[in-house]
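Numbering (the UniProt record's numbering), first residue to last: 1 to 427.
Backbone N, C-alpha and C define an ideal beta-carbon position, used for all residues, glycine too.
Note that the structure is a prediction, hence the values are computed from the model and not measured.
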């Protein structure tokens, strides 16, 4: 949900609550004012009736409301000595409405010519049901008008006000640190957005500089390590060719060469992982995955034949993926090589391609592997000297880079599955 809509939602809820409270207060205040006004009118009518009775005593015998708004009943002093003006609501049948309608009634008493009289004066009043209904509709239309006004304000004024912010978000979304591109910030007169643009600019520049330095360091470190390793290996190979060396010394040289070669492979693997993590493989193309797998299997055919292992490929689906070709080759090379290296002798490795999945299945003397550590760096199933422990972690890094689900399962056979349809976790 966008920020403008988010604030509008809460503002609408708060406004509704505030209007409800205001409506209740306004309703009771309005009723109080209406009653005050009615009571003042009744008191004025009382005075007028009493004054009229002094001039026209005939009205002192008006005992019903049929032809007026007041009644007068003779009484005694004992009945009215404690009587005070009292106001109350009551119902009276109205001929024009043909129904009982609410009226406001004033009961009082007065003395004239040593006689005492009870006086009742009525006046029509507003029905509370009608008042509540009218007030409800008025508040409802007021609320709708306010919400429409807020929406117009949000989508016109505030949207223009927040335009620099959304412009920055859009540029950050499309920002690619590998391309070392800069961001042109939209000019704004708002101090907070100016400060935000300044801090983001500093942060991006710092990230770009750090990325350049890291990239340069990795390349330099790899080159600096690779060169002395290659020189050392060449010199040791030349030394091993000399005939005056004893078998013991040759064995020592072979051990040193083996470790140096392993260090070389380890250096290359770590460099590859760093490049993948830093997203330095930018060039991408639409690849035919089964075609790449067939080529890799062909390249490993001699190695598999040496171990008396047969590789069968069953392809029922054409898989196309837009990705870097070198990384695609490395991904399936590591998985297929892992299957060949750890497969039992005289066994069959099955590669199935169907439903946008590549399944590599092999038999092995080892049981189920630890799937929580399987794709971790330097994790080894056995103690093979030639293994760097980085093959599967490199494959996992490539799969994660392109949103592929690389999973492992065990069902009497080891199965590595590359799912091109979704990105899931290891199971």
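For the stretch 79–153, the full-length alpha helix (DSSP H) segments reaching 4 residues or more read 128–152 along the chain. Taken through DSSP and simplified to helix, strand or coil, residue 11 comes out as helix. Bridge pairing for residue 61: absent [DSSP]. Secondary structure at residue 414: strand, using DSSP grouped into helix, strand and coil. Residue 57 and residue 51 have their C-alpha atoms some 10 Å from each other. The beta carbon of residue 142 is closer than 8 Å to those of 19 in its chain, skipping five residues each way along the sequence. Distance from the CA atom of residue 30 to the CA atom of residue 138, rounded to whole angstroms, is 14 Å. Excluding residues up to 5 positions away in sequence, 233, 236, 237, 240 lie with their Cβ nearer than 8 Å to the Cβ of residue 257 in the same chain. One alpha carbon belongs to residue 340, the other to residue 186, and they sit about 57 Å apart. Comparing alpha carbon positions, the residue from 117, 62, 361, 342 closest to residue 349 is 361. Counted as a single uninterrupted DSSP element, the stretch harbouring residue 157 is not any beta strand (DSSP E), since DSSP gives it neither H nor E.
Annotated three-state conformation of residue 35 is helix, per DSSP.
According to DSSP, residue pairing for residue 263 in a beta bridge does not occur. Here DSSP, grouped into helix, strand and coil, assigns residue 46 to helix. The Cβ neighbour count for residue 148, taken over all protein chains shown within 10 Å, is under 16; the residue is labelled exposed. Counting along the chain, residue 337 sits inside no beta strand (DSSP E); it lies in the alpha helix (DSSP H) bounded by residues 325–342. Residue 416 sits buried, since 16 or more C-beta atoms from the chains shown fall within 10 Å of its C-beta.
When beta bridges are read from the DSSP output, residue 77 appears opposite no residue. Assigned with DSSP and collapsed to three states, residue 302 falls in helix.
Counted as a single uninterrupted DSSP element, the alpha helix (DSSP H) harbouring residue 170 occupies residues 163–173. Assignment of residue 362 by DSSP, reduced to helix, strand and coil, places it in the strand class.
Sixteen is the threshold: since fewer than 16 other Cβ atoms of the shown chains lie within 10 Å of the Cβ of residue 307, the residue is exposed.
Between the alpha carbons of residue 352 and residue 175 lies a gap of roughly 38 Å. Residue 107 is a Cβ neighbour of residue 83, given a cutoff of 9 Å. Nearest C-alpha to residue 105 among 245, 87, 215, 170: 87. Between residue 46 and the set 34, 71, 22, the nearest pair of CA atoms involves 71.
In this structure, residue 190 sits near residue 161, with a CB-CB distance shorter than 9 Å. Under the three-state reduction of DSSP output, residue 23 falls in the helix class.
Within the DSSP secondary-structure output, residue 405 pairs in a beta bridge with 419. By alpha-carbon distance to residue 292, the top candidate from 302, 320, 283 is 320.
Checking the DSSP bridge columns, you'll see residue 320 partnered with 288. For residue 311, the uninterrupted beta strand (DSSP E) run begins and ends at 310–315, by DSSP.
9 Å or more divides the Cβ of residue 411 from the Cβ of residue 354. Here residue 286 is near residue 322, since their CB atoms are less than 9 Å apart.
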